[in-house]
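Below: the structure, in structure tokens.
Numbering (my numbering), first residue to last: 84 to 381.
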């Protein structure tokens, strides 16, 4: 092996090593970019508003409103529903649908047409998850994000409202007891008893309303509400459909049309002859009148 051959082989080996190194670096960069993109989506969609402070006595009603693009709406919907169930939540509303933007028909043959449909798939989902799992669910959902449009997270403090309802309920309970005792001990006349009973019913109704309102607030505190609007890029669907036959395809040939015309003409002639025969009484009267006229003038 001469000196030039060795140099060429050495350069080829060196080029292969550098090429493999660059390929590995590009793959590593792509992987790092993908991981960074996923981490960025998770950090963007998450929020400290979804984190519960165990040492706090405050009561928060947490809600989230998120809109983002995914690669496949149907698959992301299944993933979101599975994550909701996994963390003890439930789906209260989902509306998966395809919105057609345009539909073009191109005739490719005598009996076939190519139908091209452009459409977008989206889904509006409302889920409720345990308050302590809200941030976890949001981070799990973030894995489906391809592009984030917006995310709105609210944490409304309802501590004072719940306390106010509890105090109102206690006052109503105390008032009910005093009113009931007054009815039993002092209510003598019928009209007084009726009015007192009506007042007692109103107090009970106020008490029930305060209790139900507190139960509703407590439910909202325990289970956060997430409203998700997901969509994907516009899709195109093409399918070949059969053409419907034109009415001209069922027209008879020229020979049959001529024969039908001959028969139609014959039928018209028959009708004319029949019509003339129907008029025979008038012809007879006219003939007799003509004979009488000639005989009278002669």
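We put the CB at the ideal spot given by N, CA and C, even for glycine.
| Check | Outcome |
| --- | --- |
| Going by C-alpha distance, which of 365, 149, 363, 342 is nearest residue 229? | 149 |
| Less than 7 Å between the beta carbons of residue 303 and residue 174, yes or no? | no |
| Any idea if residue 176 is buried or exposed, counting beta-carbon neighbours within 10 angstroms, 16 or more meaning buried? | exposed |
| Buried or exposed: where does residue 369 fall if 16 or more other Cβ atoms within 10 Å of its Cβ makes it buried? | exposed |
| Residues in the same chain with beta-carbon distance under 6 Å from residue 373, minus the five sequence neighbours each way, listed in chain order, please. | none |
| Give the DSSP-derived three-state secondary structure of residue 315 in the structure shown. | coil |
| For residue 206, tell me which candidate among 234, 352, 355, 314 has the shortest Cα-Cα distance. | 314 |
| With a Cβ-Cβ cutoff of 7 Å, do residue 305 and residue 248 count as a contact? | no |
| Report the rounded CA-to-CA distance for residue 239 versus residue 294, giving the unit in angstroms. | 20 Å |
| Check for me: the beta strand (DSSP E) holding residue 229 runs from which residue to which? | Premise fails: residue 229 is in no beta strand (DSSP E) and is neither H nor E. |
| By the three-class DSSP mapping on this structure, what secondary structure does residue 385 have? | With the chain represented from 84 up to 381, any question about residue 385 goes unanswered, as that position is not in the structure. |
| Determine, using beta carbons only, whether residue 142 and residue 170 come nearer to each other than 7 Å. | no |
| For residue 325 and residue 192, I'd like the C-alpha separation in whole angstroms. | 10 Å |
| Going by beta carbon distance, what residues of the same chain come within less than 8 Å of residue 318, once the five residues before and after it are set aside? | 201, 202, 203, 204 |
| My assumption, with CB atoms under 8 Å, is that residue 310 sits in contact with residue 211. Please give the rounded CB distance. | Between residue 211 and residue 310 the Cβ distance is about 10 Å, and since that is not below 8 Å, they are no contact. |
| Is residue 377 buried or exposed, if buried means 16 or more other CB atoms sit within 10 Å of its CB? | exposed |
| Can you tell me which residues form a DSSP beta bridge with residue 213? | 306 |
| Please tell me whether residue 147 and residue 224 are closer than 7 Å, where the distance is taken between their beta carbons. | no |
| Assuming residue 156 and residue 321 form a contact by the criterion Cβ under 8 Å, report the distance between their Cβ atoms to the nearest whole angstrom. | Actually they are not in contact, since the Cβ atoms of residue 156 and residue 321 sit about 20 Å apart, beyond 8 Å. |
| Under the three-state reduction of DSSP, which class applies to residue 153: helix, strand or coil? | coil |
| Figure out for me which residue from 231, 301, 232 has the closest Cα to the Cα of residue 243. | 301 |
| By the three-class DSSP mapping on this structure, what secondary structure does residue 357 have? | helix |
| What are the residues that DSSP puts in a beta bridge with residue 346? | Partner(s): none; residue 346 has no beta bridge. |
| Between which two residues does the alpha helix (DSSP H) harbouring residue 371 extend? | 363–380 |
| Can you pull the DSSP bridge partners for residue 294? | For residue 294, which the question treats as bridged, DSSP gives no partner whatsoever. |
| Straight-line CA distance for residue 208 to residue 187? | 31 Å |
| Less than 8 Å between the CB atoms is what I'm expecting for residue 323 and residue 159, so what's the real figure, rounded? | So it is not a contact: roughly 30 Å between Cβ atoms. |
| Where does residue 194 fall in DSSP's three states? | coil |
| Just the Cα atoms here: how many angstroms apart are residue 339 and residue 350? | 17 Å |
| If we count the other Cβ atoms within 10 Å of its Cβ and call it buried at 16 or more, is residue 218 buried or exposed? | buried |
| In the DSSP output, which residue or residues are listed as bridge partners for residue 206? | 179, 313 |
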